[in-house]
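Chains as they are written, first to last, in my numbering: chain A, 561 to 849; chain B, 561 to 849.
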């Protein structure tokens, strides 16, 4: 059996096979970031993402945006847990023949994002590699009361999404601002039951929430915010790499949120959480999960 | 200018250029692991290493040893700070055509090392990649009083090294036990002024200590423990990837250490720390730094 017959999600799960975590692990593999024992009031958040040339970016896009993306995707993960990023370590694999200007631009991209989000760059490893590979590991923290997991969605919750979805390959996937400010506003002022960032695509990521929460959902297709870069509805819910937030919260709270939302970032109520899991029907403007 | 004209160390330093770390960073880029504010009595330690197929290992060596190495090199870094490893996240880039057995063996190697050293595997990322790439990020902690930096070597310190050096390419570089138990014994029972693990080669790594500490050293060439796999003295001090510990401590303490050393692991006093930096002479059985 080969890797491609298995799929990415199953491959990660295989690592956790037969592992019993110690009591200091609050949540391990299976959320946007690991949740770890820390101080009396706070948890540590720990996440890591690898970007590979040819798969996640082309060399012709230049180093700067690649650097930005490598740190931003991790910030997006910390944001989706309700937390604040703090410390990053960078591993960089580069061909020895690569122009130093490319790496300098890449580092500048990382530094600019780090400065904006007050992240300390505290470590690095550089190795020779045929293709460019960047791995960023990010450590953050979250007040215990503000932690949001994928698994907390409740029946009747309203489902919200930030921004507009789809067509991110036209540029947004490399050049986006992680929704950290929005996420912190949400967890500090509202009762958010579950949250995830849109990396695999709205439907796929919403399904992660629903599976973890053992719930179903009804999505109002007409309410899904479609980016002008998306081809159509399908593209909006499937393309992925939007790095927007999907979250669920009690409907009454949701109505308050819509009134108080202080950001320019678009906010859309796109559906509700139901009791049972159903198959996707796609008919009549609703999508069932 | 190309990467190969610059060298690995300068490339890492470029990342830190123009960066001001916040007060929560005790020590950033430039030691075996970053040292970060944590609790009243303890610091966090944060480190990351990337292994690339063809550079750090051959696919024909099998997945198991590669998995072991990927976690062990990071444990070695935490050990060299005097700390204890706790949480690891794994990023894995693999060709989609790779046999699943290879990945299963690799994961088993990681799990076996994690179990032995009581490390929780708390996260993972898997991506498609032409060559196999593994990045492990490791989080640990150290009691403030037990932290050892590279920069603490003092004039008159005795220099010690564990194990035997050189020829690690014949097998040890893939199959070694990080000196965590030894390091913890050292920091809990003795006054260790500086420590590093031997990854680049004894002379290169000792020089990291001396540069950070602004000191020189005299190495007794005949006291350097040469592995039976090393070609000669030069190979022993230059090959690297030994993953032994080099450390310095007051000479009187050193004499006590030699008497009380409870491990089968060899312990050798190989030189002393001097006031001034000098050039390597290599003559008459001494090497000056």
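Ideal placement from N, C-alpha and C gives every residue a C-beta, glycine not left out.
Checklist entry - Any beta-carbon of chain A closer than 8 Å to the one on residue 851/B? => result Examination of residue 851/B is not possible in this model, given that chain B is present from 561 through 849 alone.
Where does residue 826/A sit, in a helix, a strand or coil, going by DSSP? coil
query = Does the beta carbon of residue 656/A sit closer than 8 Å to a beta carbon anywhere in chain B?
reply = yes
Would you say residue 641/A faces chain B, with C-beta separation under 8 Å as the test? no
Checklist entry - Does any C-beta atom of chain B lie closer than 8 Å to the C-beta of residue 663/A? => result yes
**Prompt:** Are any of the Cβ atoms in chain A nearer than 8 Å to that of residue 690/B?
**Reply:** yes
Checklist entry - So does the segment 768-778 of chain B actually touch the segment 640-647 of chain B, counting three or more Cβ pairs closer than 8 Å? => result no
* Asked: Where does residue 684/A fall in DSSP's three states?
  -> strand
Practice prompt. Compare the Cα-Cα distances from residue 583/A to each of 595/B, 573/B, 681/B and 593/B and report the closest residue.
Written response: 681/B
### Query
Any idea if residue 599/B is buried or exposed, counting beta-carbon neighbours within 10 angstroms, 16 or more meaning buried?
exposed
| query | What residues from chain A crowd round residue 585/B, counting only those whose CB sits closer than 9 Å? | reply | 647, 680 and 682
query: Which residues, in order along the segment 567-581 of chain A, keep a beta-carbon less than 8 Å from a beta-carbon of chain B?
result: 568, 571, 572, 574, 575, 576, 577, 578, 579 and 581
_Those runs of the alpha helix (DSSP H) which lie wholly inside the segment 605-688 of chain A and span at least 4 residues_ = 623-640 and 660-676
### Whole-angstrom C-beta distance between residue 827/A and residue 722/A, which should lie under 8 Å
6 Å
Which residues in chain B have a C-beta closer than 8 Å to the C-beta of residue 780/A? List them in chain order.
Neighbours of residue 780/A on chain B: none; closest Cβ ~32 Å, over 8 Å.
Per DSSP, residue 591/A is paired with what?
589/A
Q) Which chain B residues sit within Cβ distance under 8 Å of residue 769/A? A) Here the premise fails: no neighbours, minimum Cβ distance about 18 Å.
Counting only beta-carbon atoms, is residue 808/A nearer than 8 Å to chain B? no
Point to revise | Nearest candidate by alpha-carbon position, reference residue 692/B, set 629/A, 563/A and 659/A | key: 563/A
(Q) Residues of chain A with CB closer than 7 Å to the CB of residue 599/B, please, in chain order. (A) 599
Distance, Cα to Cα, residue 626/A vs residue 616/A?
9 Å
Legend entry - Rounded separation between residue 785/B and residue 748/B - CA only: 25 Å
**Study point:** Interface flag, residue 671/B vs chain A, CB-CB below 8 Å
**Key:** yes
8 Å contact criterion, which residue 608/A and residue 685/B should meet: CB distance rounded: 6 Å
> Are residue 777/B and residue 766/B touching if we call contact CB-CB under 8 Å?
Replying inline: yes
So residue 710/A contacts chain B; which residues on that side make the cut at Cβ distance below 9 Å? The contacting residues do not exist; residue 710/A stays about 14 Å from chain B at best.
Tell me, please, which residues DSSP counts as bridged to residue 756/B. 806/B
Quick check: the Cα distance between residue 506/A and residue 768/A, rounded to an integer number of angstroms?
Since the first and last residues shown for chain A are 561 and 849, residue 506/A lies out of range.
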